[in-house]
Amino acid sequence: MLRHEFQPGRLVAGAVITLAGVTYAGDAGGAWETPWFAAFPLMVGGLCLAAVAGMLGRGIRRRGARREGRGEG
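Numbering (my numbering), first residue to last: 1 to 73.
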């Protein structure tokens, strides 16, 4: 049994924030060159994907709750 429900939007948001951190850590370590403005499209795109994933996940959970007769979840 899971301790909490799976939330795909938070997973996507965390992955994108981690990717942005790794991108700038690689730049700081001298592994590659990252422009200063690279975080904006990365974060905006990632947070939009996280929002879509969260809405889809909620819609799937609500549909499953209605089928089981538990009401809105």
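C-beta: ideal position from N, C-alpha, C; glycine also. Small disclaimer: the values here were computed from a predicted structure and weren't measured.
Around the CB of Ala50, 16 or more other CB atoms lie within 10 Å, so the residue is classed as buried. Its chain contains Asp27 as the residues whose beta carbon lies nearer than 7 Å to that of Glu33, once the 5 sequence neighbours on both sides are disregarded; these appear in chain order. Taking the C-beta atoms as reference points, Ala38 is found no nearer than 7 Å to Val12. Put simply, of Gln7, Leu2, Ala31 the residue whose alpha carbon is nearest the alpha carbon of Met55 is Gln7.
Distance from the CA atom of Ile60 to the CA atom of Ala25, rounded to whole angstroms, is 37 Å.
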